[in-house]
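Trainee:
2 protein chains.
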Amino acid sequence: MSLTRKQEIIITASRLFKERGYNAISMRDLAAEMGIKAASLYNHISSKQEILGLIILKVSEEFTQHINTIYLDELSSIKKLEAIIQNHIEITLKYTHHLACMNNDWIHLEDEYKQRYLNLRNEYESKFRQILQQGKDEGELKDIDLEIVVFSVLTTLRTLHIWYAKKTSIQVATLQQDLPKTLLYGIVKS
Amino acid sequence: MSLTRKQEIIITASRLFKERGYNAISMRDLAAEMGIKAASLYNHISSKQEILGLIILKVSEEFTQHINTIYLDELSSIKKLEAIIQNHIEITLKYTHHLACMNNDWIHLEDEYKQRYLNLRNEYESKFRQILQQGKDEGELKDIDLEIVVFSVLTTLRTLHIWYAKKTSIQVATLQQDLPKTLLYGIVKS
DNA sequence: TAACAAAACTAACACTTGTTAGTTTAAATT
DNA sequence: AATTTAAACTAACAAGTGTTAGTTTTGTTA
């Protein structure tokens, strides 16, 4: 099953947006990259804003869906956290450009698109926070300020795409092994 | 000693750039925010690009200067890492807008400004990497992939400004206490 | 008060922006 | 072969962009 023209546009756009940012890419730039004229894009999409919205909501929804599943599983909080970290690695591999775009350009979403994105993000953070709280309640996690942990772990996971761009050589296996170690157990020898 | 008009422009610009991004802010927006006309800005600065360059290089240089000092100190690697974390917290407090701007908009630096920024950033990462290597050599740090640690710690430190924007209520003291714990010793009870 | 410098102004420039209208070409279906 | 549909095209729009030139206002110093 091949890609529709619309999907091709979105994939190309996500790469360009990642490289130079949403506002720095004109519809003429995007069209040129696809070998057509700017006006032709409008046979497939309704606005530049729609492209950004589709790119960002696509991955946002995937993240939220995954954490909602994990959240309900009968697992220790540590197992849940490990599963979440793995999921971030997987999605980052699959949707590198989309993810970079989400991180850098969500601020340029307008009206309804922005609202939907923020809702999904809040839902994700809330579930993540509850999993951490579960860990504290069950005595598995240290008594560290919850918001600091939420911030520090999620920030690292959200920006994994930067790491991929720089270090294609390093094995994904290494990341899958050492990232959970780093985030959960720290870097200092005990 | 009061601010020069040029400094006022840069401070206002850093706030606007943080809020909406470099490309989304026009010289007319910036001027309006200062209660003057766009053309008047050019009595004080030479281009929009210069404003971005000054904002970003200011903090970049401060970071590099600090790590160069720490680097040479006779301290254990752990003490050095703690000092670096404290420095990030301090600079983030003092230059929240500048920092957000550096993280989000460095990509829009041109030519010489971009080159100088990237040089400073590489210098910083290199020193940071060497400190981690020292820690591994001296047996203080675990045997975790170096690049993963560099990435994960620096990412968190670089985006502290996001945290400040959201959580003004939480004490800085909490952050100074719990962030080093989180990053160095992990979140799982041993 | 006259002279000077700092900092604002108006007006305009050349260029780029997202998008629309209407038309032509290419491919698929009847 | 005729018809329909998808996808490209040209041309143009109104609005916004960074920046320059030349002028006027404001505040300070001689």
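Chains as they are written, first to last, in this note's numbering: chain Y, 1 to 190; chain L, 1001 to 1190.
From the three backbone atoms N, C-alpha and C, an ideal C-beta is built for every residue, glycine too.
Runs of 4 residues minimum, wholly inside the region 36-105 of chain Y: which ones carry the alpha helix (DSSP H) assignment?
Mentor: 38-41, 48-72, 77-94 and 96-105
Trainee: By a C-beta neighbour count over all protein chains shown, 10 Å radius and 16 as the cutoff for buried, is Asp105/Y buried or exposed?
Mentor: Translated into the one-based positions of the first sequence, residue 105/Y becomes position 105. With 16 or more other Cβ atoms within 10 Å, it is buried.
Trainee: Looking at chain Y, is there any beta carbon in it that lies within less than 8 Å of the beta carbon of Tyr1185/L?
Mentor: Here residue 1185/L is taken as the residue at index 185 of the second sequence, counted from 1. Yes, Tyr1185/L lies at the interface with chain Y (some Cβ there is under 8 Å from its Cβ).
Trainee: Of the residues that make up the region 1046-1058 of chain L, which ones have a beta carbon closer than 9 Å to any beta carbon in chain Y?
Mentor: none
Trainee: Decide if Thr1159/L is buried, meaning its Cβ has at least 16 other Cβ atoms within 10 Å, or exposed.
Mentor: Position 159 of the second sequence holds residue 1159/L. By the neighbour-count rule (16 or more Cβ atoms within 10 Å), Thr1159/L is buried.
Trainee: By how many angstroms is the C-alpha of Lys37/Y removed from the C-alpha of Glu50/Y?
Mentor: The residue you call residue 50/Y lines up with position 50 of the first sequence. The residue you call residue 37/Y lines up with position 37 of the first sequence. Roughly 18 Å separates the two Cα atoms.
Trainee: For Phe1151/L, which residues in chain Y fall below 7 Å Cβ to Cβ?
Mentor: The residue labelled residue 1151/L in the question sits at position 151 within the second sequence. Within chain Y, the residues near Phe1151/L are Trp163.
Trainee: I think Leu1009/L touches Ile1045/L, with their Cβ atoms under 8 Å apart; what is that distance to the nearest whole Å?
Mentor: Looking up residue 1009/L in the second sequence gives position 9. Looking up residue 1045/L in the second sequence gives position 45. The question names Leu, but residue 1009/L in the sequence shown is Ile. Contact holds; Cβ gap of about 6 Å.
Trainee: In chain order, what residues of the same chain have a beta carbon less than 7 Å from the beta carbon of Lys981/L, not counting five sequence neighbours either side?
Mentor: It is not possible to answer for residue 981/L, since the shown part of chain L is limited to 1001 through 1190.
Trainee: Near Leu141/Y, what residues of its chain come up, given a Cβ to Cβ distance below 6 Å and the 5 sequence neighbours on each side ignored?
Mentor: Locating residue 141/Y in the first sequence gives position 141, where the first residue counts as 1. Correct list, in chain order: Gly135.
Trainee: Which residues in chain Y sit within 9 Å of Gly1035/L, going by Cβ to Cβ distance?
Mentor: In the second sequence, counting from the first residue as 1, residue 1035/L sits at position 35. By Cβ distance, chain Y contributes nothing, its closest Cβ being about 25 Å from Gly1035/L, past 9 Å.
Trainee: In this structure, what does DSSP give as the bridge partners for Leu141/Y?
Mentor: By one-based count along the first sequence, residue 141/Y stands at place 141. DSSP output for Leu141/Y lists Val1188/L as bridge partner(s).
Trainee: Could you pull the start and end residues of the alpha helix (DSSP H) that Gln7/Y belongs to?
Mentor: Locating residue 7/Y in the first sequence gives position 7, where the first residue counts as 1. Unbroken alpha helix (DSSP H) run through Gln7/Y: Arg5 to Arg20.
Trainee: How many angstroms separate the CA atom of Ile84/Y from the CA atom of Gln177/Y?
Mentor: On the first sequence, position 84 is the one that residue 84/Y refers to. On the first sequence, position 177 is the one that residue 177/Y refers to. Straight-line spacing of the CA atoms in Ile84/Y and Gln177/Y works out to 14 Å.
Trainee: With C-beta atoms as the reference, is His108/Y less than 8 Å away from Leu52/Y?
Mentor: Indexing the first sequence from 1 puts residue 108/Y at position 108. Indexing the first sequence from 1 puts residue 52/Y at position 52. It is a contact, given that the beta carbons lie within the stated cut-off.
Trainee: Would you report the Cα separation of Glu1059/L and Ser1002/L, rounded to the nearest angstrom?
Mentor: Sequence index remark: in the second sequence, residue 1059/L carries index 59 (1-based). Sequence index remark: in the second sequence, residue 1002/L carries index 2 (1-based). Note on residue identity: the sequence assigns Val, not Glu, to residue 1059/L. Computed Cα separation, rounded: 21 Å.
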